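Data block below; observations after.
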Amino acid sequence: MRHQSADPPPSDTSPTTTEIVRVWHDDRSVGDGAGRLYLWWIRRFRGYCEQRGLDERAELTRDGARRFFDWYARRHSVSPDRAAISGTALYALNRVYYVLGRDPPPWRLQPPSARPATALLRAYADYLIAHRGNPMVTVHKRLTHIGYFLQHLRVLDRTWRSMTLVDVDAFLVDCSRRYARTTTADIAGSIRSFSRFLFATGRSSRNLADSVIAPVQPRYERPRRALPWEDVQHLLAAVDQSNPHGLRDYAMLLMMVTYGFGAGELIRLRLDDINWTSSSLQVTRPKTGAVFTLPLLPVVARALVRYLRGGRPPHTATRYLFVQLKLPFAPLTGSSAVWHVIAKHAAAAGLTAQYLGSHVLRYSHAARQIDLGADPRIISEILGHRDPDSLSAYVRIATETLRDVSLPVPS
(Lines of atoms letter the chains of each structure in order from A and count residues from 1; the text may use other names and numbers.)
(Lines give C-alpha, C1' and ligand atoms only; values in the text may rest on other atoms or scores of the structure.)
Protein backbone atom coordinates (compact mmCIF):
# COMPACT_ATOMS: atom_id res chain seq x y z
CA MET A 1 0.00 0.00 0.00
CA ARG A 2 1.38 3.39 -0.95
CA HIS A 3 1.75 6.05 1.68
CA GLN A 4 -0.12 9.22 0.74
CA SER A 5 -0.32 12.51 2.58
CA ALA A 6 -2.43 15.50 1.63
CA ASP A 7 -0.20 17.91 3.54
CA PRO A 8 3.52 17.04 3.54
CA PRO A 9 5.12 17.44 6.96
CA PRO A 10 7.74 20.13 7.52
CA SER A 11 11.03 19.33 5.81
CA ASP A 12 12.88 19.11 9.14
CA THR A 13 10.52 16.48 10.57
CA SER A 14 12.23 13.12 10.98
CA PRO A 15 10.23 10.07 9.87
CA THR A 16 8.85 7.94 12.67
CA THR A 17 9.74 4.29 13.00
CA THR A 18 6.26 3.41 11.74
CA GLU A 19 6.76 5.54 8.61
CA ILE A 20 10.19 4.02 8.00
CA VAL A 21 8.92 0.46 8.23
CA ARG A 22 5.91 1.27 6.03
CA VAL A 23 8.13 2.62 3.23
CA TRP A 24 10.45 -0.37 3.43
CA HIS A 25 7.47 -2.69 3.33
CA ASP A 26 6.10 -0.96 0.24
CA ASP A 27 9.50 -1.19 -1.44
CA ARG A 28 9.62 -4.93 -0.82
CA SER A 29 13.41 -4.60 -0.60
CA VAL A 30 14.15 -4.70 3.15
CA GLY A 31 13.36 -7.90 5.03
CA ASP A 32 12.44 -8.04 8.69
CA GLY A 33 15.93 -9.08 9.80
CA ALA A 34 17.68 -6.39 7.79
CA GLY A 35 15.07 -3.86 8.90
CA ARG A 36 15.80 -4.48 12.59
CA LEU A 37 19.53 -4.06 11.95
CA TYR A 38 18.99 -0.87 9.97
CA LEU A 39 16.79 0.61 12.73
CA TRP A 40 19.52 -0.17 15.26
CA TRP A 41 21.98 1.91 13.27
CA ILE A 42 19.43 4.67 12.62
CA ARG A 43 18.81 5.09 16.35
CA ARG A 44 22.53 5.54 16.93
CA PHE A 45 22.79 7.94 13.99
CA ARG A 46 19.98 10.04 15.46
CA GLY A 47 21.77 10.11 18.81
CA TYR A 48 24.92 11.26 17.03
CA CYS A 49 23.08 14.07 15.23
CA GLU A 50 21.34 15.22 18.44
CA GLN A 51 24.57 15.20 20.44
CA ARG A 52 26.46 17.23 17.84
CA GLY A 53 23.58 19.54 16.91
CA LEU A 54 23.42 18.29 13.32
CA ASP A 55 20.47 18.32 10.91
CA GLU A 56 19.62 14.64 10.39
CA ARG A 57 18.34 15.11 6.88
CA ALA A 58 21.39 17.11 5.75
CA GLU A 59 23.72 14.39 7.04
CA LEU A 60 22.05 11.68 4.96
CA THR A 61 24.77 11.58 2.31
CA ARG A 62 27.56 9.15 1.62
CA ASP A 63 30.08 11.53 3.21
CA GLY A 64 27.76 12.11 6.17
CA ALA A 65 27.44 8.37 6.71
CA ARG A 66 31.23 8.03 6.67
CA ARG A 67 31.62 10.81 9.24
CA PHE A 68 29.03 9.16 11.49
CA PHE A 69 30.69 5.75 11.34
CA ASP A 70 34.14 7.18 12.02
CA TRP A 71 32.73 8.97 15.07
CA TYR A 72 30.92 5.87 16.30
CA ALA A 73 33.87 3.51 15.68
CA ARG A 74 36.24 5.67 17.72
CA ARG A 75 33.94 5.36 20.75
CA HIS A 76 32.92 1.73 20.49
CA SER A 77 35.83 -0.12 18.83
CA VAL A 78 33.65 -1.24 15.93
CA SER A 79 35.21 -3.32 13.17
CA PRO A 80 35.72 -1.32 9.93
CA ASP A 81 33.78 -3.93 7.96
CA ARG A 82 30.59 -2.72 9.68
CA ALA A 83 30.86 0.63 7.89
CA ALA A 84 29.09 -0.80 4.84
CA ILE A 85 26.13 -1.97 6.95
CA SER A 86 25.74 1.38 8.70
CA GLY A 87 26.01 3.19 5.37
CA THR A 88 23.34 0.98 3.81
CA ALA A 89 21.05 1.69 6.77
CA LEU A 90 21.41 5.44 6.33
CA TYR A 91 20.98 5.08 2.58
CA ALA A 92 17.68 3.30 3.27
CA LEU A 93 16.70 6.20 5.57
CA ASN A 94 17.53 8.69 2.80
CA ARG A 95 15.14 6.70 0.61
CA VAL A 96 12.38 7.08 3.25
CA TYR A 97 12.81 10.87 3.22
CA TYR A 98 12.49 10.82 -0.57
CA VAL A 99 9.33 8.68 -0.59
CA LEU A 100 7.70 10.89 2.05
CA GLY A 101 8.48 14.02 0.03
CA ARG A 102 10.90 15.48 2.58
CA ASP A 103 13.58 16.51 0.10
CA PRO A 104 16.71 14.59 1.16
CA PRO A 105 20.10 15.58 -0.26
CA PRO A 106 21.55 13.45 -3.07
CA TRP A 107 23.34 10.48 -1.55
CA ARG A 108 26.32 11.14 -3.75
CA LEU A 109 27.19 13.86 -6.23
CA GLN A 110 26.80 12.71 -9.82
CA PRO A 111 30.10 12.70 -11.72
CA PRO A 112 30.23 14.97 -14.76
CA SER A 113 29.25 13.29 -18.00
CA ALA A 114 32.19 11.52 -19.55
CA ARG A 115 33.92 13.42 -22.33
CA PRO A 116 36.86 12.21 -24.40
CA ALA A 117 40.08 13.03 -22.59
CA THR A 118 41.88 14.82 -25.42
CA ALA A 119 40.98 17.50 -27.95
CA LEU A 120 41.73 15.06 -30.77
CA LEU A 121 39.28 12.44 -29.49
CA ARG A 122 36.64 15.09 -28.82
CA ALA A 123 36.99 16.27 -32.41
CA TYR A 124 36.78 12.66 -33.62
CA ALA A 125 33.60 12.11 -31.59
CA ASP A 126 32.04 15.26 -33.07
CA TYR A 127 33.03 14.07 -36.55
CA LEU A 128 31.36 10.70 -36.03
CA ILE A 129 28.14 12.35 -34.88
CA ALA A 130 27.92 15.32 -37.24
CA HIS A 131 29.43 13.89 -40.44
CA ARG A 132 28.92 10.16 -40.15
CA GLY A 133 25.61 10.18 -38.30
CA ASN A 134 26.79 7.49 -35.88
CA PRO A 135 24.67 6.81 -32.78
CA MET A 136 26.29 7.29 -29.36
CA VAL A 137 26.74 3.56 -28.83
CA THR A 138 28.91 3.40 -31.95
CA VAL A 139 30.78 6.58 -31.01
CA HIS A 140 31.64 5.11 -27.61
CA LYS A 141 32.83 1.87 -29.22
CA ARG A 142 35.03 3.71 -31.74
CA LEU A 143 36.57 5.89 -29.03
CA THR A 144 37.33 2.82 -26.91
CA HIS A 145 39.05 1.07 -29.80
CA ILE A 146 41.10 4.13 -30.74
CA GLY A 147 42.07 4.59 -27.11
CA TYR A 148 43.60 1.08 -27.17
CA PHE A 149 45.36 1.87 -30.44
CA LEU A 150 46.83 5.16 -29.20
CA GLN A 151 48.11 3.38 -26.09
CA HIS A 152 49.79 0.85 -28.39
CA LEU A 153 51.47 3.71 -30.27
CA ARG A 154 52.71 5.27 -27.01
CA VAL A 155 54.42 2.01 -26.07
CA LEU A 156 56.23 2.18 -29.43
CA ASP A 157 57.11 5.83 -28.75
CA ARG A 158 54.95 6.90 -31.67
CA THR A 159 51.91 9.13 -32.12
CA TRP A 160 49.06 9.29 -34.60
CA ARG A 161 51.17 11.77 -36.58
CA SER A 162 54.07 9.35 -37.03
CA MET A 163 52.20 6.04 -37.18
CA THR A 164 52.78 3.74 -40.13
CA LEU A 165 50.86 0.87 -41.64
CA VAL A 166 53.34 -1.51 -40.00
CA ASP A 167 52.26 -0.13 -36.58
CA VAL A 168 48.60 -0.74 -37.45
CA ASP A 169 49.29 -4.29 -38.62
CA ALA A 170 51.27 -5.08 -35.46
CA PHE A 171 48.41 -3.80 -33.30
CA LEU A 172 45.81 -5.88 -35.14
CA VAL A 173 47.99 -9.00 -34.97
CA ASP A 174 48.21 -8.49 -31.21
CA CYS A 175 44.41 -8.05 -31.05
CA SER A 176 43.90 -11.29 -32.98
CA ARG A 177 45.76 -13.17 -30.25
CA ARG A 178 43.47 -11.81 -27.53
CA TYR A 179 40.07 -11.34 -29.16
CA ALA A 180 37.67 -13.23 -31.39
CA ARG A 181 37.95 -12.71 -35.12
CA THR A 182 34.78 -10.62 -35.24
CA THR A 183 36.06 -8.32 -32.47
CA THR A 184 39.41 -7.83 -34.21
CA ALA A 185 37.62 -7.02 -37.46
CA ASP A 186 35.50 -4.47 -35.60
CA ILE A 187 38.63 -2.82 -34.14
CA ALA A 188 40.12 -2.67 -37.64
CA GLY A 189 36.98 -0.88 -38.79
CA SER A 190 37.47 1.72 -36.07
CA ILE A 191 41.06 2.33 -37.18
CA ARG A 192 39.86 2.79 -40.76
CA SER A 193 37.28 5.29 -39.52
CA PHE A 194 39.91 7.15 -37.48
CA SER A 195 42.28 7.30 -40.44
CA ARG A 196 39.52 8.74 -42.64
CA PHE A 197 38.83 11.36 -39.96
CA LEU A 198 42.51 12.41 -39.81
CA PHE A 199 42.64 12.72 -43.60
CA ALA A 200 39.26 14.45 -44.03
CA THR A 201 40.07 17.09 -41.40
CA GLY A 202 43.53 17.85 -42.76
CA ARG A 203 45.35 16.42 -39.75
CA SER A 204 47.14 13.88 -41.95
CA SER A 205 48.12 13.86 -45.59
CA ARG A 206 47.89 10.06 -45.68
CA ASN A 207 44.73 7.98 -45.69
CA LEU A 208 45.62 4.52 -44.46
CA ALA A 209 42.02 3.33 -44.37
CA ASP A 210 42.06 1.31 -47.59
CA SER A 211 45.29 -0.43 -46.58
CA VAL A 212 44.15 -1.68 -43.16
CA ILE A 213 43.68 -5.45 -43.38
CA ALA A 214 41.17 -7.10 -41.06
CA PRO A 215 40.32 -10.78 -40.51
CA VAL A 216 37.66 -12.03 -42.88
CA GLN A 217 34.52 -13.40 -41.25
CA PRO A 218 32.72 -15.58 -43.84
CA ARG A 219 29.05 -14.78 -43.82
CA TYR A 220 27.01 -17.30 -41.83
CA GLU A 221 30.16 -19.28 -41.00
CA ARG A 222 28.73 -19.72 -37.52
CA PRO A 223 24.99 -20.40 -37.67
CA ARG A 224 22.87 -18.33 -35.34
CA ARG A 225 21.84 -20.15 -32.19
CA ALA A 226 18.22 -20.66 -31.30
CA LEU A 227 16.44 -22.73 -28.67
CA PRO A 228 13.77 -25.27 -29.59
CA TRP A 229 10.42 -23.69 -28.81
CA GLU A 230 9.77 -26.32 -26.15
CA ASP A 231 12.89 -25.09 -24.33
CA VAL A 232 11.65 -21.51 -24.55
CA GLN A 233 8.39 -22.61 -22.91
CA HIS A 234 10.33 -24.47 -20.21
CA LEU A 235 12.39 -21.34 -19.58
CA LEU A 236 9.28 -19.24 -18.97
CA ALA A 237 7.67 -21.92 -16.82
CA ALA A 238 10.79 -22.11 -14.61
CA VAL A 239 10.40 -18.52 -13.39
CA ASP A 240 9.03 -18.34 -9.84
CA GLN A 241 6.51 -15.49 -10.02
CA SER A 242 5.77 -15.49 -6.28
CA ASN A 243 8.29 -12.73 -5.59
CA PRO A 244 9.22 -9.31 -7.06
CA HIS A 245 12.31 -10.63 -8.86
CA GLY A 246 10.30 -13.37 -10.52
CA LEU A 247 7.57 -10.96 -11.65
CA ARG A 248 10.16 -8.68 -13.22
CA ASP A 249 12.18 -11.49 -14.83
CA TYR A 250 9.09 -13.20 -16.26
CA ALA A 251 7.92 -9.94 -17.88
CA MET A 252 11.38 -9.39 -19.36
CA LEU A 253 11.71 -12.90 -20.75
CA LEU A 254 8.16 -12.90 -22.10
CA MET A 255 8.76 -9.66 -24.01
CA MET A 256 11.98 -10.99 -25.50
CA VAL A 257 10.44 -14.21 -26.78
CA THR A 258 7.19 -12.52 -27.88
CA TYR A 259 8.66 -9.55 -29.74
CA GLY A 260 12.23 -10.63 -30.43
CA PHE A 261 13.67 -7.78 -28.40
CA GLY A 262 17.38 -7.56 -27.86
CA ALA A 263 18.81 -6.47 -24.52
CA GLY A 264 19.30 -2.89 -25.75
CA GLU A 265 15.65 -2.49 -26.71
CA LEU A 266 14.43 -4.11 -23.50
CA ILE A 267 16.38 -2.01 -21.00
CA ARG A 268 15.48 1.21 -22.83
CA LEU A 269 11.73 0.71 -22.44
CA ARG A 270 10.09 3.41 -20.35
CA LEU A 271 6.78 3.60 -18.56
CA ASP A 272 5.70 6.27 -21.05
CA ASP A 273 6.25 3.83 -23.93
CA ILE A 274 3.23 1.80 -22.84
CA ASN A 275 -0.11 3.10 -24.11
CA TRP A 276 -2.68 1.20 -22.09
CA THR A 277 -5.60 2.92 -23.87
CA SER A 278 -4.60 1.88 -27.37
CA SER A 279 -2.89 -1.37 -26.22
CA SER A 280 0.34 -0.46 -27.97
CA LEU A 281 4.02 -0.36 -27.17
CA GLN A 282 6.53 2.18 -28.52
CA VAL A 283 10.03 0.83 -29.03
CA THR A 284 13.28 2.62 -29.88
CA ARG A 285 16.12 0.94 -31.74
CA PRO A 286 19.30 1.46 -29.67
CA LYS A 287 21.65 1.87 -32.65
CA THR A 288 19.59 3.95 -35.06
CA GLY A 289 17.18 5.73 -32.71
CA ALA A 290 14.31 4.68 -35.00
CA VAL A 291 10.94 4.47 -33.23
CA PHE A 292 8.21 1.99 -34.09
CA THR A 293 4.98 0.76 -32.52
CA LEU A 294 3.93 -2.79 -31.65
CA PRO A 295 0.64 -4.14 -30.32
CA LEU A 296 0.60 -4.71 -26.57
CA LEU A 297 -0.58 -8.31 -26.56
CA PRO A 298 -2.91 -9.34 -23.69
CA VAL A 299 -0.51 -11.94 -22.28
CA VAL A 300 2.28 -9.35 -22.16
CA ALA A 301 -0.02 -6.71 -20.69
CA ARG A 302 -1.02 -9.06 -17.86
CA ALA A 303 2.62 -9.85 -17.08
CA LEU A 304 3.48 -6.14 -17.02
CA VAL A 305 0.56 -5.33 -14.73
CA ARG A 306 1.65 -8.01 -12.27
CA TYR A 307 5.20 -6.68 -12.31
CA LEU A 308 4.15 -3.04 -11.88
CA ARG A 309 1.80 -3.86 -9.02
CA GLY A 310 3.81 -6.49 -7.18
CA GLY A 311 7.41 -6.22 -8.35
CA ARG A 312 8.52 -2.71 -9.26
CA PRO A 313 8.97 -0.45 -6.19
CA PRO A 314 6.10 2.09 -6.16
CA HIS A 315 8.28 5.17 -5.52
CA THR A 316 11.02 4.94 -8.10
CA ALA A 317 12.64 8.06 -9.54
CA THR A 318 13.50 6.58 -12.93
CA ARG A 319 10.89 6.22 -15.66
CA TYR A 320 12.61 3.19 -17.12
CA LEU A 321 10.35 0.15 -17.03
CA PHE A 322 12.76 -2.47 -15.71
CA VAL A 323 14.83 -1.59 -12.66
CA GLN A 324 17.12 -3.21 -10.14
CA LEU A 325 15.14 -4.42 -7.15
CA LYS A 326 17.52 -3.07 -4.54
CA LEU A 327 18.44 0.46 -3.57
CA PRO A 328 18.72 2.80 -5.39
CA PHE A 329 16.26 0.99 -7.74
CA ALA A 330 18.27 2.19 -10.73
CA PRO A 331 17.45 1.11 -14.28
CA LEU A 332 19.20 -1.90 -15.74
CA THR A 333 22.21 -0.46 -17.50
CA GLY A 334 23.68 -3.16 -19.69
CA SER A 335 23.16 -6.40 -21.55
CA SER A 336 25.02 -8.30 -18.81
CA ALA A 337 22.08 -7.73 -16.45
CA VAL A 338 19.76 -9.33 -19.01
CA TRP A 339 22.19 -12.21 -19.53
CA HIS A 340 22.22 -12.96 -15.79
CA VAL A 341 18.42 -13.08 -15.75
CA ILE A 342 18.34 -15.54 -18.66
CA ALA A 343 21.17 -17.69 -17.28
CA LYS A 344 19.56 -17.88 -13.83
CA HIS A 345 16.23 -19.19 -15.09
CA ALA A 346 17.79 -21.37 -17.80
CA ALA A 347 19.66 -23.18 -15.03
CA ALA A 348 16.42 -23.60 -13.10
CA ALA A 349 14.78 -25.01 -16.25
CA GLY A 350 17.63 -27.45 -16.76
CA LEU A 351 18.64 -25.98 -20.12
CA THR A 352 22.18 -26.78 -21.19
CA ALA A 353 22.46 -24.71 -24.37
CA GLN A 354 26.03 -23.60 -25.13
CA TYR A 355 24.93 -20.05 -25.93
CA LEU A 356 22.48 -18.15 -23.79
CA GLY A 357 21.57 -14.50 -23.95
CA SER A 358 19.07 -12.06 -25.35
CA HIS A 359 20.16 -12.77 -28.92
CA VAL A 360 19.44 -16.47 -28.50
CA LEU A 361 15.86 -15.59 -27.54
CA ARG A 362 15.73 -13.14 -30.45
CA TYR A 363 16.80 -15.88 -32.87
CA SER A 364 14.34 -18.30 -31.28
CA HIS A 365 11.53 -15.78 -31.83
CA ALA A 366 12.47 -15.28 -35.49
CA ALA A 367 12.78 -19.01 -36.16
CA ARG A 368 9.41 -19.63 -34.49
CA GLN A 369 7.71 -16.98 -36.62
CA ILE A 370 9.13 -18.49 -39.79
CA ASP A 371 7.99 -21.92 -38.69
CA LEU A 372 4.48 -20.51 -38.25
CA GLY A 373 4.52 -19.10 -41.79
CA ALA A 374 5.00 -15.39 -41.08
CA ASP A 375 6.15 -13.17 -43.95
CA PRO A 376 9.97 -12.92 -43.68
CA ARG A 377 9.90 -9.28 -44.79
CA ILE A 378 7.62 -8.34 -41.90
CA ILE A 379 9.81 -10.23 -39.42
CA SER A 380 12.87 -8.45 -40.80
CA GLU A 381 11.25 -5.04 -40.31
CA ILE A 382 10.10 -5.85 -36.77
CA LEU A 383 13.60 -7.05 -35.85
CA GLY A 384 15.02 -3.80 -37.22
CA HIS A 385 17.30 -5.21 -39.94
CA ARG A 386 18.91 -2.66 -42.20
CA ASP A 387 19.63 -5.42 -44.71
CA PRO A 388 16.60 -7.64 -45.51
CA ASP A 389 19.03 -10.44 -46.42
CA SER A 390 19.93 -10.68 -42.72
CA LEU A 391 16.84 -12.78 -42.20
CA SER A 392 18.35 -15.63 -44.18
CA ALA A 393 20.48 -16.37 -41.11
CA TYR A 394 17.31 -17.12 -39.17
CA VAL A 395 15.94 -19.26 -41.98
CA ARG A 396 18.96 -21.52 -41.48
CA ILE A 397 17.77 -22.38 -37.98
CA ALA A 398 14.02 -22.58 -38.71
CA THR A 399 14.14 -26.20 -39.70
CA GLU A 400 10.83 -27.55 -38.44
CA THR A 401 8.81 -26.23 -41.38
CA LEU A 402 11.48 -27.16 -43.93
CA ARG A 403 11.36 -30.79 -42.82
CA ASP A 404 7.70 -30.94 -43.80
CA VAL A 405 8.16 -29.37 -47.25
CA SER A 406 8.14 -31.76 -50.20
CA LEU A 407 10.76 -30.55 -52.67
CA PRO A 408 10.45 -31.52 -56.35
CA VAL A 409 13.04 -34.02 -57.44
CA PRO A 410 14.47 -33.48 -60.95
CA SER A 411 13.74 -36.39 -63.26
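Residue numbers (full-length UniProt numbering): 1 to 411.
By construction, the Cβ of each residue, glycine as well, lies at the ideal position given by its N, Cα and C atoms.
Computed from a prediction, not measured in an experiment: that's the story for all the values here.
Distance from the CA atom of residue 240 to the CA atom of residue 326, rounded to whole angstroms, is 18 Å. Around the beta carbon of residue 243, a 10 Å sphere encloses fewer than 16 other beta carbons of the protein chains shown; the residue is thus reported as exposed. Judged by pairs of C-beta atoms under 8 Å, the region 361–371 does not touch the region 59–74, as fewer than three such pairs exist. Residue 107 sits close to residue 91, with the two beta carbons spaced by under 8 Å.
Looking at the DSSP output, residue 275 bridges to 280. Here residue 146 really is in contact with residue 190; their C-beta atoms are around 6 Å apart, less than 8 Å. Fully enclosed beta strand (DSSP E) runs of no fewer than 3 residues are not present anywhere in the region 107–183. Sequence-distant Cβ neighbours of residue 257 in its own chain, meaning closer than 6 Å and more than five residues away, are 232, 361 and 365. Here DSSP, grouped into helix, strand and coil, assigns residue 232 to helix. When rounded, the separation of the alpha-carbon atoms in residue 56 and residue 62 is 13 Å. Between the region 299–317 and the region 243–254 there are three or more inter-stretch CB-CB distances shorter than 8 Å, so the stretches are counted as touching. In the displayed model, residue 322 falls within coil according to three-state DSSP, outside both helix and strand. Among the bridge pairs identified by DSSP, residue 291 is matched with 284.
Residue nearest to residue 38 within the set 121, 154, 157 and 20 is 20 (criterion: CA-CA distance). One alpha carbon belongs to residue 252, the other to residue 157, and they sit about 49 Å apart. With contacts defined by Cβ atoms closer than 8 Å, residue 270 and residue 332 do not form a contacting pair. Nearest in C-alpha terms to residue 335, of all of 266, 168 and 350, is 266. The count of Cβ pairs closer than 8 Å, one atom from the region 125–142 and one from the region 40–60, stays below three, leaving the stretches out of contact. Looking at 27, 44, 225 and 42, the one whose alpha-carbon comes closest to that of residue 317 is 27. From the listed residues 272, 283 and 276, the smallest Cα separation to residue 263 is found for 283.
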